[in-house]
Amino acid sequence: MKETSQPQFAVMWPVQTGIMRWQGQLWFLVFSVLALISETYAVTQDIRALDALALLLALLGVLHLRPARRTWP
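Each residue of the sequence shown is one higher than the one before, starting from 1 at the first, in the UniProt record's numbering.
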(Lines of atoms letter the chains of each structure in order from A; the text may use other names.)
(Lines give C-alpha, C1' and ligand atoms only; values in the text may rest on other atoms or scores of the structure.)
Protein backbone atom coordinates (compact mmCIF):
# COMPACT_ATOMS: atom_id res chain seq x y z
CA MET A 1 0.00 0.00 0.00
CA LYS A 2 1.52 3.29 -1.14
CA GLU A 3 1.08 6.37 1.00
CA THR A 4 0.48 9.72 -0.60
CA SER A 5 3.25 12.11 0.25
CA GLN A 6 1.80 15.23 1.81
CA PRO A 7 4.02 17.85 3.37
CA GLN A 8 3.93 17.63 7.14
CA PHE A 9 3.50 21.39 7.42
CA ALA A 10 0.25 21.38 5.41
CA VAL A 11 -1.84 22.48 8.38
CA MET A 12 0.64 25.15 9.47
CA TRP A 13 1.17 26.60 5.97
CA PRO A 14 -1.38 29.45 6.24
CA VAL A 15 -0.04 30.38 9.65
CA GLN A 16 3.55 30.38 8.42
CA THR A 17 2.80 32.52 5.38
CA GLY A 18 0.80 34.93 7.52
CA ILE A 19 3.74 35.31 9.88
CA MET A 20 6.08 35.82 6.93
CA ARG A 21 3.80 38.53 5.54
CA TRP A 22 3.62 40.36 8.87
CA GLN A 23 7.35 39.93 9.37
CA GLY A 24 8.02 41.81 6.13
CA GLN A 25 5.76 44.65 7.22
CA LEU A 26 7.43 44.74 10.61
CA TRP A 27 10.88 45.03 9.01
CA PHE A 28 9.54 47.77 6.75
CA LEU A 29 8.33 49.67 9.81
CA VAL A 30 11.65 49.21 11.64
CA PHE A 31 13.74 50.33 8.67
CA SER A 32 11.42 53.26 7.98
CA VAL A 33 11.67 54.52 11.55
CA LEU A 34 15.46 54.14 11.51
CA ALA A 35 15.62 56.00 8.19
CA LEU A 36 13.45 58.80 9.57
CA ILE A 37 15.64 59.15 12.67
CA SER A 38 18.80 59.08 10.57
CA GLU A 39 17.47 61.68 8.13
CA THR A 40 16.30 63.96 10.93
CA TYR A 41 19.69 63.79 12.60
CA ALA A 42 21.46 64.32 9.25
CA VAL A 43 19.47 67.49 8.56
CA THR A 44 19.94 68.96 12.02
CA GLN A 45 23.66 68.16 12.21
CA ASP A 46 24.37 68.64 8.46
CA ILE A 47 26.04 65.24 8.05
CA ARG A 48 25.89 63.97 4.46
CA ALA A 49 26.87 60.40 5.28
CA LEU A 50 23.68 60.00 7.30
CA ASP A 51 21.66 61.01 4.24
CA ALA A 52 23.11 58.00 2.42
CA LEU A 53 22.43 55.80 5.43
CA ALA A 54 18.80 56.98 5.57
CA LEU A 55 18.38 56.21 1.86
CA LEU A 56 19.88 52.75 2.34
CA LEU A 57 17.62 52.01 5.31
CA ALA A 58 14.54 53.11 3.37
CA LEU A 59 15.57 50.88 0.45
CA LEU A 60 16.04 47.91 2.78
CA GLY A 61 12.59 48.53 4.21
CA VAL A 62 10.98 48.54 0.77
CA LEU A 63 12.81 45.34 -0.20
CA HIS A 64 11.28 43.57 2.80
CA LEU A 65 7.77 44.34 1.53
CA ARG A 66 7.91 41.76 -1.25
CA PRO A 67 5.03 39.27 -1.12
CA ALA A 68 5.53 36.03 0.76
CA ARG A 69 6.59 33.14 -1.44
CA ARG A 70 4.19 30.24 -1.69
CA THR A 71 5.95 26.99 -1.05
CA TRP A 72 2.88 24.80 -1.13
CA PRO A 73 -0.38 25.35 -3.05
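The C-beta atom is built at its ideal place from N, Cα and C for all residues, glycine as well.
Notebook entry, point to check: By a C-beta neighbour count over all protein chains shown, 10 Å radius and 16 as the cutoff for buried, is A52 buried or exposed?
Noted result: exposed
By the 10 Å Cβ neighbour count, where 16 or more other Cβ atoms means buried, how is L50 classified, buried or exposed?
buried
With the cut-off set at 7 Å, would you say L57 and F28 are in Cβ contact? no
**Request:** Please determine, among L55, H64, V62 and L65, the residue with the shortest C-alpha to C-alpha distance to A35.
**Result:** Check the Cα spacing between A35 and each of L55, H64, V62 and L65: the tightest is with L55.
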